[in-house]
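Written below as structure tokens is the structure these notes are about.
Number of protein chains: 2
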Amino acid sequence: MTEPLHRVLVIDDELAIRRFLRHSLNPEQFELLEAETGEEGLRLIATKEPAVVLLDLGLADIDGVEVARQIREWSQVPIIVLSAREQDHDKVAALDAGADDYLTKPFSVVELQARIRVALRHGSLATGALPPAFIAGDLEIDLLARLVRKGGVEVHLTPNEFKLLAALVKNAGRVVTHKQLLTEVWGPDFAEEAHYLRVYMGQLRHKLEDEPAQPRLLTTESGVGYRLRTE
Amino acid sequence: MTEPLHRVLVIDDELAIRRFLRHSLNPEQFELLEAETGEEGLRLIATKEPAVVLLDLGLADIDGVEVARQIREWSQVPIIVLSAREQDHDKVAALDAGADDYLTKPFSVVELQARIRVALRHGSLATGALPPAFIAGDLEIDLLARLVRKGGVEVHLTPNEFKLLAALVKNAGRVVTHKQLLTEVWGPDFAEEAHYLRVYMGQLRHKLEDEPAQPRLLTTESGVGYRLRTE
DNA sequence: GAAATTCCTGACAACTTCTTGATCATTTTC
DNA sequence: GAAAATGATCAAGAAGTTGTCAGGAATTTC
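Right, dumping it as structure tokens:
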């Protein structure tokens, strides 16, 4: 399962740090934007709307704390400060200026990654007004609200039907193997009970397809698994 | 100007740490609650609703990471881990389990205070976005005023009925699981007493629905939980 | 401390969901 | 293109969940 792509902006004038980050953040998971100055960083936040900002304090043009303050005048994007300064008052100043986290160089890659995941969680909560909905044709699937609509009309799904659909939505467009689906919905002990899938896929098709016998959304990949088509 | 009073819960079995925090956090600004075990901590989160939780990893009963995971099953309260463990994998495990920040002991008081301020900012964003009043049809629910009106007429609710309704309002439109509801209303020790929900949902329906037998607002998601419909 | 309210609990009926086997259709393999 | 493997459909009984009611315990109120 591939993660969605998150845009991360690093504002740091040291090439070494930017290069380090470029190698630390898996490009399949993160799209890394780079800014050398505070000015450029602010512009990129406005134009590219990154999901997280990694901010160095020792910039050439504007002080990092001031950059954080200016970001906070109009943006709620999570800011993680990366700095060599380990004095308390630097940390306090940055955090009070609006930064959400503060990592002292040198830091470990896995810790940075974990803290980025925390920041992404916060970001999606704050902007979470927009539901993580899947839409294809007249079908709307909102996993968070646990709500499915077809042509604007709510469709009732049983717990297993919903879990199965959720597993497909999380991998929308890709084939999900029988084993994977069975494990996610019924647990690893049922990984061979492929018959369950036929019954439940049938029920989902009846509820969600225009012509259940000729499925266009929930398609079979014979011998492999099923797929939720994205269009 | 007096600062608002923020309730902070510390979960730590070491008396020394609790005493240290008691002296570090200005009592005019913070009301400090203390729990010695994970069990007690979970109960206090449910009953006292602290604004921030300070969590030690090395507890006597449950592992701190597991405590964080259990909190996240039903609560969004910000969690700052305070731990002597400085291994990367401890940090990553705690942050991925749902913690929002991780401080390694010994930490400085001013840094802790600054990180608590960050956590409070996050907390007020997450909960502050919630509407103080919910309106659907002829039903008006004002959580702050603790007032419920149906067709302009005030409806009297018992304490438990109101807490249950409040938990649903806070997640209006979304399904709220049995566990989540039970934990919020009765506390984590009652997370399996699904029968309570049937009785109290029945009472709420009698007071709030036009046709209690055919609920339109307070609907059942069989096997999952209940939902307060928004339209 | 008596009255009123609220809470907990058990019994049972009604309802929903899950599992399962039989049968037929489709796809893949040789 | 026939045989074998895989997939779809249907229906019915089993299992699990939910709604309802009511009496007694506990708590709160006056």
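Chains as they are written, first to last, in my numbering: chain A, 1 to 231; chain B, 1001 to 1231. For each residue, glycine too, the CB sits at the ideal point set by N, CA and C.
Counting C-beta neighbours from all protein chains within 10 Å, is the total for residue i 16 or more, i.e. buried, or is it exposed?
i: B/S1222; result: exposed
i: B/A1167; result: buried
i: B/T1158; result: exposed
i: B/D1161; result: The sequence shown places Glu at residue 1161 of chain B, not Asp. So B/E1161 counts as buried.
i: B/H1122; result: buried
i: B/I1137; result: A small correction: the amino acid at residue 1137 of chain B is Gly; Ile does not occupy that position in the sequence shown. Flag for B/G1137 reads exposed.
i: B/H1178; result: buried
i: A/A60; result: exposed
i: B/R1146; result: exposed
i: B/R1184; result: This sequence places Glu at residue 1184 of chain B; Arg is not what is there. Buried: at least 16 other Cβ atoms inside 10 Å.
i: A/A129; result: With a pLDDT of 44 at A/A129, under the threshold of 50, the predicted position of this residue should be treated as unreliable, and no value is reported.
i: A/M1; result: At A/M1, the pLDDT of 48 sits below 50, so the modelled position is not reliable and the matter cannot be decided from this model.
i: B/R1227; result: buried
i: B/D1189; result: exposed
i: A/G41; result: buried
i: B/V1077; result: buried
i: A/A241; result: Only positions 1 to 231 of chain A appear in this structure, which leaves residue 241 of chain A out of reach.
i: A/P50; result: buried
i: A/L182; result: buried
i: A/R174; result: exposed
i: B/S1083; result: buried
i: B/R1205; result: buried
i: B/H1156; result: exposed
i: B/G1225; result: buried
i: A/H89; result: exposed
i: A/A194; result: exposed
i: B/S1075; result: buried
i: A/L164; result: buried
i: B/G1038; result: buried
i: B/R1018; result: buried
i: B/K1048; result: exposed
i: B/A1191; result: buried
i: B/V1148; result: buried
i: A/K105; result: exposed
i: B/V1176; result: buried
Assuming residue i contacts residue j (C-beta within less than 8 Å), just tell me the rounded distance between them.
i: B/A1097; j: B/V1065; result: 5 Å
i: A/D142; j: B/D1101; result: Rounded, the Cβ-Cβ distance is 30 Å, inconsistent with contact.
i: B/F1134; j: B/A1093; result: Rounded, the Cβ-Cβ distance is 38 Å, inconsistent with contact.
i: A/L120; j: B/V1118; result: Incorrect: roughly 16 Å between the Cβ atoms, too far for contact.
i: A/L208; j: A/K170; result: Not quite, the Cβ-Cβ distance comes to about 16 Å (not below 8 Å), so this is no contact.
i: A/L33; j: A/L44; result: 6 Å
i: B/I1071; j: B/L1103; result: At roughly 17 Å, the Cβ-Cβ gap does not stay under 8 Å, so B/I1071 and B/L1103 are not in contact.
i: B/A1099; j: B/G1187; result: Not a contact, Cβ separation roughly 22 Å.
Can you determine whether any heavy atom of the ligand ADP sits closer than 8 Å to the C-beta of residue i, and answer yes or no?
i: A/L82; result: Ligands displayed in this structure: none; no statement on the ligand ADP is therefore possible.
*Using 8 Å as the threshold, is the stretch 1053-1068 of chain B in touch with the stretch 1003-1011 of chain B, meaning 3 or more CB pairs across them?*
yes
*So does the stretch 1209-1217 of chain B actually touch the stretch 1107-1125 of chain B, counting three or more Cβ pairs closer than 8 Å?*
no
_Against chain A, which members of the stretch 1203-1229 of chain B pass a CB distance test of less than 9 Å?_
E1221, S1222, G1223, V1224, G1225, R1227
*Residues within the stretch 79-95 of chain A neighbouring chain B, beta-carbon criterion of under 9 Å*: D88, H89, K91, V92, A93, A94, L95
*If you measure beta-carbon to beta-carbon, which residues of the stretch 1056-1081 of chain B are closer than 9 Å to chain A?*
Q1076
*Does the stretch 193-211 of chain A touch the stretch 1016-1026 of chain B, meaning 3 or more C-beta pairs lie closer than 8 Å?*
no
*Select from the stretch 103-117 of chain A all residues with a C-beta closer than 7 Å to any C-beta belonging to chain B, and list them in chain order.*
S108, V110, E111, A114, R115, R117
*Residues from the stretch 1001-1034 of chain B in contact with chain A, defined by Cβ distance under 8 Å*: none
_Beta carbons nearer than 8 Å to chain A: which residues of the stretch 1144-1172 of chain B have them?_
none
*Counting only runs of 4+ residues fully inside the stretch 33-103 of chain A, write out the alpha helix (DSSP H) ranges in chain order.*
38-48, 64-72, 88-97
*Using Cβ-Cβ distances below 8 Å, what residues of the stretch 1043-1055 of chain B are close to chain A?*
none
*Please go through the stretch 185-219 of chain A and give each complete alpha helix (DSSP H) segment of 4 or more residues, from N-terminal end onward.*
194-208
_Contiguous beta strand (DSSP E) assignments of at least 3 residues, all confined to the stretch 99-169 of chain A_ = 101-104, 133-136, 139-142, 147-150, 153-155
*Mind listing which residues of the stretch 186-205 of chain A have their C-beta closer than 8 Å to chain B's C-betas, in chain order?*
none
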